[in-house]
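Participant: Going by my numbering, the letters in the sequence shown line up with residues 9 to 112, in that order.
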Amino acid sequence: MIAPFQIPKSDRTQISNDKIKKTQDNPPMTTTLVKPSQFLPEGICIKHINNLMLFKFSDKLGERMQELLDKNKLDTLTPEEAIELEAIGELDDIFSYINGAVAA
């Protein structure tokens, strides 16, 4: 009798062979990670708005984000630019959360 959650040896061989085949057919992709924190030194500023001190993008980072968004609409982003846009978007989400907490 086979114990619960145990795969019979004959099936394990098939799974291993399938896994090897899949790996050979699909070589691993290399992804370069862009950390949102890399934009912090020059990409943010703190602005006084309605008696609150809020995090905002610098003009330079705001313009870069808009440029990437425009390219994304045209479907002309390179893979590197897509990763950069994702990181800037993550930073935007963080700022929105913090600014919302400050304003509450």
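Just so you know, even glycine gets a beta-carbon here, dropped at the ideal spot from N, CA and C.
(1) Can you tell me where the alpha helix (DSSP H) with Phe103 in it begins and where it stops?
(2) If you draw a straight line from the C-alpha of Lys64 to the C-alpha of Gln46, how long is it?
(3) With Leu76 and Glu92 assumed to form a contact (beta carbons below 8 Å), what rounded beta-carbon distance in angstroms separates them?
(4) Answer yes if the segment 92-103 comes into contact with the segment 41-58, meaning at least three C-beta pairs across the two stretches below 8 Å, and no otherwise.
(5) Just to confirm before moving on: does the CB-CB distance between Leu62 and Val110 stay below 8 Å?
(6) Straight-line CA distance for Lys81 to Gln74?
(7) Round the Cβ separation of Ile52 and Ser66 to the nearest angstrom and send it over; I've been treating them as touching at under 8 Å.
(8) Which residues in the same chain as Glu89 place their Cβ atom closer than 7 Å to its Cβ, once the five residues preceding and following it in sequence are excluded?
(9) How would you write the range of the beta strand (DSSP E) that Lys55 sits in, first residue to last?
(10) For Leu62, list the residues DSSP reports as bridge partners.
Facilitator: So, from the listed chains and residues:
(1) 87-111
(2) 15 Å
(3) 6 Å
(4) yes
(5) yes
(6) 11 Å
(7) 6 Å
(8) Leu76, Lys79
(9) 52-57
(10) Lys55
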